[in-house]
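Per my numbering, the very first residue in the sequence shown carries number 51; after that it's consecutive.
Heads up, the beta-carbon is just placed ideally off N, CA and C, and yes, glycines get one too.
Just so it is clear, the structure is predicted and the values come from calculations on it, not from any experiment.
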Amino acid sequence: MALLTIENLCARVGDKEILKDFSLTINPGEVHVIMGPNGSGKSTLANVIAGHPAYEVTGGRLMFKDRDVLKMTPDERANIGIFLAFQSPTELPGVGSALFLKTALNAKRQAAGEKDIDAVSFMRRLRPRATALGITDDMLKRALNVGFSGGEKKRMEMLQMAFLEPDFCMLDEIDSGLDIDALHTVSQAVNIMRESHRSFLLITHFQRLLNDITPDYIHIMMDGRIVKTGDKTLAATLEEKGYDIYR
Ligand SMILES: Nc1ncnc2c1ncn2[C@@H]1O[C@H](COP(=O)(O)OP(=O)(O)O)[C@@H](O)[C@H]1O
Ligand SMILES: [Mg+2]
């Protein structure tokens with residue numbers, strides 16, 4: 051059974067059509083990459099799957115674990131395992147990073163009928179993941195993303211992913227603005243989490259993310275839909291020839 055099925059999805063912002071009959075099937079364990087020029091609708095796709103209220107779905111189907119996602123709130127989608135790491139992570143003044151993680155995990159547990167995590171288990175879950183991502187105790191105490199550098203924000207997004215262990219992880223331009231070391235850290239976080247039940251949708255402009263992560267499929271998105279699907283070698287073709295040959 052597919053984890054995520056998108057059929058002829060159409061979506062718009064205001065009166066602008068952005069997704070036009072977009073279709074994609076993602077099976078458990080697969081890593082899919084979407085590449086495409088600016089404005090082709092990549093972030094819109096991720097936001098629509100996550101349930102961002104600014105985007106209006108005007109047609110098509112979106113199924114996750116055999117459930118009709120379009121009928122669900124963003125919270126409900128998160129609770130059944132849909133995760134989006136943002137292109138520009140939001141700052142949450144007044145909300146400590148560790149508290150944010152605990153609250154998010156407990157919301158998920160409550161939705162599954164489980165009790166809240168205790169303090170010891172919480173730290174046991176948090177510490178090794180934070181250390182692996184180079185996130186210090188000081189960062190965990192500070193308000194979420196407030197005053198964080200671009201790289202720190204991206205690593206904090208990865209910590210949320212590692213901590214919440216969602217079954218479907220969307221990473222929107224996680225590699226933009228990262229230096230080589232931070233990029234490597236992010237790629238490792240993805241590789242460590244690759245499991246037979248978990249799938250990834252990586253949105254990127256750059257081939258360099260794919261030096262460390264070997265995807266199952268690469269899709270080229272233009273003007274709201276996929277125009278070409280290939281394997282990992284497609285990234286090299288793109289690097290060489292650009293998007294113009296697909297226009
Ligand atoms: N919230 C929004 N309000 C208005 N226009 C938007 C909004 N989000 C996206 N768009 C427009 O939709 C198109 C696709 O944007 P986006 O999905 O961000 O593309 P990409 O991520 O591929 O660069 C662009 O023309 C963009 O300006
Ligand atoms: Mg984008």
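Just to confirm, is the Cβ distance from residue i to residue j under 8 Å?
| i | j | result |
| --- | --- | --- |
| Lys-203 | Pro-124 | no |
| Asp-71 | Arg-275 | yes |
| Phe-198 | Met-211 | no |
| Ile-268 | Leu-284 | yes |
| Ile-185 | Leu-209 | yes |
| Met-113 | Thr-55 | yes |
| Leu-259 | Phe-213 | no |
| Arg-117 | Ile-130 | yes |
| Leu-190 | Ser-147 | yes |
| Ala-61 | Leu-53 | no |
| Met-51 | Thr-254 | no |
| Glu-141 | Asn-195 | yes |
| Lys-282 | Ile-270 | no |
| Asp-217 | His-247 | yes |
| Ile-132 | Ile-99 | yes |
| Asp-273 | Ser-73 | no |
| Leu-151 | Leu-176 | yes |
Under the rule that 16 or more other beta-carbon atoms within 10 Å means buried, what is residue i, buried or exposed?
| i | result |
| --- | --- |
| Arg-179 | buried |
| Asn-261 | exposed |
| Ser-237 | buried |
| Asp-225 | buried |
| Asn-88 | exposed |
| Ile-295 | exposed |
| Ser-93 | buried |
| Asp-222 | buried |
| Glu-245 | exposed |
| Leu-127 | Checking the sequence shown, residue 127 turns out to be Arg, not Leu. Under this definition Arg-127 is a buried residue. |
| Val-81 | buried |
| Val-63 | exposed |
| Gly-292 | exposed |
| Ile-230 | exposed |
| Pro-143 | exposed |
| Lys-165 | exposed |
| Ala-286 | exposed |
| Val-119 | buried |
Taking the continuous alpha helix (DSSP H) assigned at residue i, which residues delimit it?
| i | result |
| --- | --- |
| Phe-218 | From DSSP, Phe-218 is part of no alpha helix (DSSP H) but of the beta strand (DSSP E) over 218-222. |
| Val-240 | 230-243 |
| Pro-178 | 169-182 |
| Glu-57 | Looking at the DSSP string, Glu-57 is not in any alpha helix (DSSP H); the run it does join, the beta strand (DSSP E), is 54-63. |
| Gly-200 | 200-214 |
| Met-189 | 187-191 |
| Arg-159 | 147-161 |
>> Beta-carbon distances below 5 Å to any heavy atom of ligand 1 define the shell here; list its residues in chain order, please.
In response: Val-63, Ile-68, Asn-88, Gly-89, Ser-90, Gly-91, Lys-92, Ser-93, Thr-94, Ala-104
> What runs of the beta strand (DSSP E), each 3 residues or longer, lie entirely inside the segment 73-138?
Replying inline: 81-85, 106-114, 132-135
> Which full runs of the alpha helix (DSSP H) of 4+ residues lie inside the segment 253-297, going along the chain?
Replying inline: 283-291
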